[in-house]
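Participant:
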Amino acid sequence: MRSRGGPPFGGAAVRACALVLALFSLCVAGSARSVPGPREEVERMLERVLRAPEVVSRVLITRSDPFGGPPERSTGRLWFLPGRGLRYHTDEGGGEDIVLDRERQVFFVYRAREKVLYRASWDRAPARLRMLVAEPERVLEKDLHASSETRLLGSSSREGYRLRRAAIGDSLPAVSVWIAADPSSGLPRWVSATAEEDSVLVELKGLTTLRSANASHLALRLPRAVRTEPLDPRELLRGGESR
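So for the sequence shown, numbering that gives the first Met the number 0 puts the first residue at 0; every next one is plus one.
1) Going by beta carbon distance, what residues of the same chain come within less than 7 Å of residue 180, once the five residues before and after it are set aside?
2) So residue 160 and residue 146 are supposed to be a Cβ contact under 8 Å. How far apart are they, rounded?
3) Hey, out of 53, 91, 64, whose CA is closest to residue 78's CA?
4) Under 8 Å: do the region 82 to 95 and the region 221 to 230 share three or more Cβ pairs, one atom per stretch?
5) By how many angstroms is the C-alpha of residue 213 removed from the C-alpha of residue 123?
6) On the three-state DSSP scale, how would you describe residue 216?
7) Would you call residue 106 buried or exposed, if buried means 16 or more other Cβ atoms sit within 10 Å of its Cβ?
8) On the CB-based measure, 16 or more other CB atoms within 10 Å of its CB, does residue 231 come out buried or exposed?
9) Give me the DSSP bridge partner(s) of residue 199.
10) Of all the options 131, 135, 99, 177, which has the alpha carbon lying nearest to the alpha carbon of residue 121?
11) How far does the beta strand (DSSP E) with residue 148 in it reach, from first residue to last?
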């Protein structure tokens, strides 16, 4: 993970969008299956998301400060249509969206404050994110080397699973990933990534699976004065993979 400093693509809001999508994509990079264990519990949790027509959720991101300052928090909303696309919106930075749409073969970043739509083709989107959208069932074919682990979140202990160490991008350090379900719904609620310098906790608040997919959730409602510019995914996920 990055220490705070120069933003890779215009600010913390885009970093937050990229982080949420990258954490989801970590599950794609597993290895062949091994012996049974907590893996089945994690699989059941993920299966309900990956095989749903659509999943929507509010998102709260809490990132520690590697220099000992107060944590950085941001909020957003996620729409995930397995097989079709995904969108992440944050109000931070004046409002920003990231959209991957497989059917339209596009990859967008929209920054409301700038009134700029950054656009690239589908095949320029990060490879793990494309796989997550196009072949979500492949996540269930991987062994995430899950082991039971209880962590303290706020004042409450949460039972969850620590997954194998993984790298969000080739030039970024490996991170330890932990995932826990909402005790009421059984759906993923907390995803934590911890590196040597800092940590990030993503809370999926009110995550809901829908009975049918609504492709309009991937559509951006843009004002007339928006200009379009090319998007270089290497700037969006600097240090990560683009193919």
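A virtual CB, placed ideally from N, CA and C, is assigned to each residue, including glycine.
Facilitator: Considering the structure as presented:
1) Position 181 of the sequence shown, counted from the first residue, corresponds to residue 180. 44, 186, 187, 188, listed in sequence order.
2) For the purposes of this step, residue 160 is taken as residue 161 along the sequence shown, with counting starting at 1. For the purposes of this step, residue 146 is taken as residue 147 along the sequence shown, with counting starting at 1. Right, their Cβ atoms sit about 7 Å apart.
3) Looking up residue 78 in the sequence shown gives position 79. For residue 78, the closest C-alpha among the options 53, 91, 64 is that of 53.
4) These segments do not touch.
5) Here residue 123 refers to the residue found at position 124 of the sequence shown. Here residue 213 refers to the residue found at position 214 of the sequence shown. When rounded, the distance between both Cα atoms is 24 Å.
6) As a first step, residue 216 is located in the sequence shown; it is residue number 217 there, counting from the start. In the structure shown, residue 216 sits in a helix (DSSP, three-state: H, G or I).
7) Reading the sequence shown from its first residue, position 107 is the one you call residue 106. Burial call: buried.
8) Working through the sequence shown from its first residue, we reach residue 231 at position 232. Classified as exposed, residue 231 has fewer than 16 neighbouring CB atoms from the shown chains inside 10 Å of its CB.
9) Here the question's residue 199 lines up with position 200 in the sequence shown. Paired residues: 62, 192.
10) Here the question's residue 121 lines up with position 122 in the sequence shown. Out of 131, 135, 99, 177, the CA that lies nearest to the CA of residue 121 is found in 99.
11) As a working note, residue 148 is residue 149 in the sequence shown. Where residue 148 is concerned, the enclosing beta strand (DSSP E) stretches over 146 to 152.
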